[in-house]
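To keep things clear, I will list the structure first and then write my remarks on it.
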Amino acid sequence: MITGSDIRAGHPTNNSHQTDYYYTRLANRLADCFRKLDVDFGDNTASVIQYSSVILTNYMEDIVADCGLWRTFSSLCQQHLGIPVPLYHDDEEYYPDEPSLAAIRFLVWHAANEMTDNVYHADTPRIWKMAQAAYDLLDEEFEQAPINEQLVSETHARLGLASMNFDSLRTTLKWLYRSYLIRCSKTEELIQMRIEEAERTGIMPDKGMHMYYAQTHCIFAYKIGPLALYTKDWLAALMRTKDMQQEAQDVDAIEVTTFGTWKYDFKDNETLHLVKTDGMEIDILADELNMPRTMLQQHDGCGASFVRYQGEWHLNGIMYPIKGLHEKWQKFCEDDPMYQRPGTKPLTAEHALKLTKGKRIEYFSDCNALKKYLHENLNFPFEYLHFVDEKLDGQPVLFVDETSKTHVLQFFYGYAPCIADPDNPFYDPEYAKEEVNEMLHDTSVSTALMQYLLRNNFLPDLNGSTLFCHTATASEKNSDTQFYLRYLRQEKY
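Heads up: the sequence shown begins at 277 in the working numbering, then just goes up one per residue.
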């Protein structure tokens, strides 16, 4: 049984709305319809039916009122993928504010993936049956479905709230983080992971603070949802959908620091100058640290993360003070993974390409061949190459990532036979047909490398994958491949 609270879970507030009865009833009608189809998802059948019914009702409520969430999602798909709906291309004429068979198929597919451990093929018959039945019902109901004016008003209010100040911005981002188009098992896992981290540190004894820390961290730190975008990117796009251009620019300009150790000095009576162990420097109002002035003066550092919004830096989440940090500063800096020792400099992509004679990708028969290449061409001492010995499966591949500042040289193993590069002597089309799908979600193969391979058409066997609809064109499959990269990797995209 689906209740009104299930439908309201994705709303900007949990307030009751006049249309709750209609949309709760609609959700239960969808669920009854799905049960009569006798679809089988094993032990997860009930949860797939429940979740599909809820998010399809959220979708219907959204497009009837034109609240903007689905319209924004579709616009982002067009912007990043070149198509208005991922995977499904059924509609001869597609309108984001009317029931769409393609949209409904996608949402059922997404729900099935969320509620099970599988990644379903786009043409899975069970998904098609559910989507067709749901489309028939929603299309029939569309003209008579009530407009949820309260939902429109709350959405508008949340967007306006975000532009007022930093605390209000976070309130809006927390809503988007749990909205029907973004929330998923991964977003919940990230929250839980940060709660457990807070519990382990012992810095915050109060459980409410654990949740506060987790939420304030996650809404800024991770790419989330089906399109693997930061929550602020969803918000900026929604603002543009609602013609809030200046507000969207402010959100686009947000900067976020990772949580780390900072030393500080009073720049003047009201302002602190902070320096992070990786060398970053910011100025912030002393009042932002939420500590009495006497306590601030008794300490000289803190553990914290900060967000720059509307031209000013703000403390994000919890902060713990540190005393005597200036005396131990060098040691703290040396323990930072980003610390650059005197007399050294990071390897840049430009320098790496000089060493590889301009080649961005190289293939090797085994680990010994890779070690020899690194020693002779890139001047790696043999004693630093033990990491290669740990990877003994398959022919190694070396990739120079021109987009990265910190991991220019990338290595991966086991997929060389999938790469149809004319310079790759190990390409095996039979092997590629079986294994190439794995590359989409295996983050040992960086997203930058996947994009390089796709741009150069070095993964042609993906086009024959059953992941796609059999009716999809080559162009649509290319777009859907980009979607799978985002969907399967999410925060690691």
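Don't be surprised by glycine CBs; every beta carbon is placed ideally from N, CA and C.
- For the pair Phe-744 and Gly-478, the Cα-to-Cα distance works out to about 47 Å.
- For Lys-635 and Glu-678, the gap between their C-alpha atoms comes out near 11 Å.
- Distance between Gly-670 and Ser-720, taken at the CA atoms: about 14 Å.
- For Gln-686, the enclosing beta strand (DSSP E) covers residues 685-689.
- Annotation: Tyr-498 to Asp-611 spans about 24 Å, alpha carbon to alpha carbon.
- Membership of Met-726 in the alpha helix (DSSP H) is indicated by the continuous run 723-731.
- Taking C-alpha positions only, Asn-320 is separated from Ala-388 by approximately 9 Å.
- Within a 10 Å sphere around the beta-carbon of Pro-705 sit fewer than 16 other beta-carbons, which makes this residue exposed.
- Leu-302 places its beta carbon 7 Å or farther from that of Ala-410.
- Residue pairing for His-590: DSSP places it in a beta bridge opposite Val-583.
- In the structure shown, Gly-536 falls within a strand segment according to DSSP collapsed to helix, strand and coil.
- Judged by DSSP secondary structure, Asp-737 falls outside any alpha helix (DSSP H); it is assigned neither H nor E.
- According to the DSSP assignment, Leu-561 belongs to no alpha helix (DSSP H) but to the beta strand (DSSP E) extending over 557-561.
- DSSP places Lys-552 outside any alpha helix (DSSP H); the residue lies instead in the beta strand (DSSP E), whose first and last residues are 547-552.
- Boundaries of the alpha helix (DSSP H) around Tyr-453: 442-453.
- The secondary-structure analysis by DSSP pairs Gly-577 across a beta bridge with Lys-539, Ile-598.
- Non-local C-beta neighbours of Thr-537 in its own chain, meaning closer than 6 Å and more than five positions away in sequence, comprise Thr-553, Gly-579, Phe-608, ordered along the chain.
- Pro-672 sits in a strand when the DSSP states are folded into three classes.
- With a 10 Å radius around the Cβ and a threshold of 16 neighbouring Cβ atoms, Glu-337 comes out buried.
- The alpha-carbon of Asp-541 is positioned some 37 Å away from that of Arg-434.
- Burial check for Phe-658: the Cβ neighbour count within 10 Å stays below 16, so the residue is exposed.
- Beta-bridge pairing by DSSP links Lys-647 to no other residue.
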